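Numbering (our numbering), first residue to last: 215 to 407.
Every residue gets a Cβ at the ideal spot worked out from N, C-alpha and C, and that includes glycine.
Computed from a predicted model, the values in this text were never measured in an experiment.
Contents: one structure, followed by commentary.
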Amino acid sequence: MTPSAPRRRLVDAALAEADRVGWRNLSLFAVARRAGLPLADAAREFADLDAVGEAWLARADQAMLALAEQEGFAEVSARERVERALTTWLAALRGRRRVLGDMLAYKLRPAHVHLHAALVVGLSRRVQWLRQAALLPAGGAQRDFEEVGLTLLFVAAVSRWLAEDADDFPATRQWLARRLASAEWLMRGLFVR
């Protein structure tokens, strides 16, 4: 499902405004003005700026999920599917590392306990989307191990990506490939008989 034109305009305006002033200094009023919409219309589309940020991250989710439909994707190894899914998610946010870093720092401020819970829920949802995009069908204990491992991998990869300057993030890609090779070895030892 494609987001409405006002939603797209508001997300694009929020990103442009965040590039200028940082996520912490963003206001829905300034975003609405930049998008050329009345504040009341912006409020109908998004309850708050956190919802705007989630809509932006949903774009990366959609890019990652689209991989599952690509011809030949199901035939590559699970390790490669996870790597491609995660790097696709990061690439979809390319050019906006500072904005994502600002957004995460804002959500993690001690006074924003209400955003901490939303951050955990969003992370859990993204890990589930990562599992789906990578076509990981396991259930039971293997699924539990995968979810824990993918959560740790996702958080660490995003942290590394935020610290990297290169657009194609080669250091993050190399780190991710090494970690996935180790994880593949561990999962084979635990679950392949």
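_So, for residue 264: in the same chain, excluding its five sequence neighbours on each side, which residues have a beta-carbon less than 8 Å away from its beta-carbon?_
What you label residue 264 is simply residue 50 of the sequence shown in a count that begins at 1. 321, 329 and 332.
*residue 383 lies in the alpha helix (DSSP H); which residues open and close that run?*
On the sequence shown, residue 383 is found 169 positions in, with the first residue counted as 1. Note, residue 383: premise wrong, no alpha helix (DSSP H); not H, not E.
*Taking the alpha helix (DSSP H) that residue 335 falls in, what are its first and last residues?*
Translated into the one-based positions of the sequence shown, residue 335 becomes position 121. Where residue 335 is concerned, the enclosing alpha helix (DSSP H) stretches over 327-347.
*When we look at the beta-carbon of residue 297 and count the other beta-carbons within 10 Å, is it buried (16 or more) or exposed?*
The residue given as residue 297 occupies position 83 in the sequence shown. Counting Cβ neighbours within 10 Å, residue 297 comes out buried, since at least 16 surround it.
*CB residue 376 to CB residue 315, shorter than 8 Å?*
Taking the first residue of the sequence shown as position 1, residue 376 is located at position 162. Taking the first residue of the sequence shown as position 1, residue 315 is located at position 101. Yes, Cβ-Cβ distance for residue 376 and residue 315 is below 8 Å.
*Leaving aside the five residues before and after residue 368 along the sequence, list all residues of the same chain whose C-beta is less than 8 Å from its C-beta, in chain order.*
Here the question's residue 368 lines up with position 154 in the sequence shown. So the list reads 300, 337, 340, 341 and 344, once near-sequence residues are dropped.
*What is the rounded straight-line gap between the Cα of residue 407 and the Cα of residue 366?*
Numbered from 1 along the sequence shown, position 193 holds the residue referred to as residue 407. Numbered from 1 along the sequence shown, position 152 holds the residue referred to as residue 366. Any reading at residue 407 is ruled out, since the residue's pLDDT is 45, under 50, leaving its predicted position unreliable.
*Look at residue 360 and residue 371 and say whether their C-beta atoms are less than 8 Å apart.*
On the sequence shown, position 146 is the one that residue 360 refers to. On the sequence shown, position 157 is the one that residue 371 refers to. Contact flag unset, no.
*Out of 260, 386 and 255, which has the shortest C-alpha to C-alpha gap to residue 373?*
For the purposes of this step, residue 373 is taken as the residue at position 159 of the sequence shown. Measuring from the Cα of residue 373, the nearest candidate turns out to be 386.
*Work out the CA separation of residue 269 and residue 278 for me, nearest whole Å.*
Indexing the sequence shown from 1 puts residue 278 at position 64. Indexing the sequence shown from 1 puts residue 269 at position 55. Roughly 14 Å between the two C-alpha positions.
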